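> Its first residue numbered 1, the sequence shown is counted upward by one per residue in full-length UniProt numbering. Handing you a structure now.
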Amino acid sequence: MDGKIVGQVGIETYQNLWRRHVATFGMAVHADYQGQGIGGELIKAMLDMCDSWFTLDAI
Numbered sequence: 001m002d003g004k005i006v007g008q009v010g011i012e013t014y015q016n017l018w019r020r021h022v023a024t025f026g027m028a029v030h031a032d033y034q035g036q037g038i039g040g041e042l043i044k045a046m047l048d049m050c051d052s053w054f055t056l057d058a059i
């Protein structure tokens with residue numbers, strides 16, 4: 001968006017043997033940019049990263 005950071009997504013994975021297959025995530029989009037599909041694109045990118053980098057069963 002014109003070189004501005006208007007949203008972010010973060011993911012946390014666990015090293016614990018019983019939770020290694022699970023991750024949690026958080027996401028935020030600046031109020032002025034909500035409703036434009038940015039959040040959906042952030043989620044798509046995060047899910048793609050999870051498929052590529054991690055062995056997860058649940059997010």
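For every residue, glycine included, the Cβ atom is placed at its ideal position computed from N, Cα and C. In this text the structure is predicted, and so the values were computed from the model without any measurement.
Cutting at 7 Å between CB atoms, please list the residues of its own chain near Val29, excluding the five before and the five after it.
Around Val29: Val6, Gly7, Ile38 and Gly39.
> Any idea what DSSP makes of Gly10, helix, strand or coil?
In this structure, Gly10 counts as strand in the three-state DSSP scheme.
> In angstroms, rounded to a whole number, what distance separates the CA positions of Asp32 and Lys4?
Near 12 Å, if we compare the C-alpha coordinates of Lys4 and Asp32.
> Quickly, what does DSSP pair Thr24 with across the bridge? List them, please.
Answer is Glu12, bridged to Thr24.
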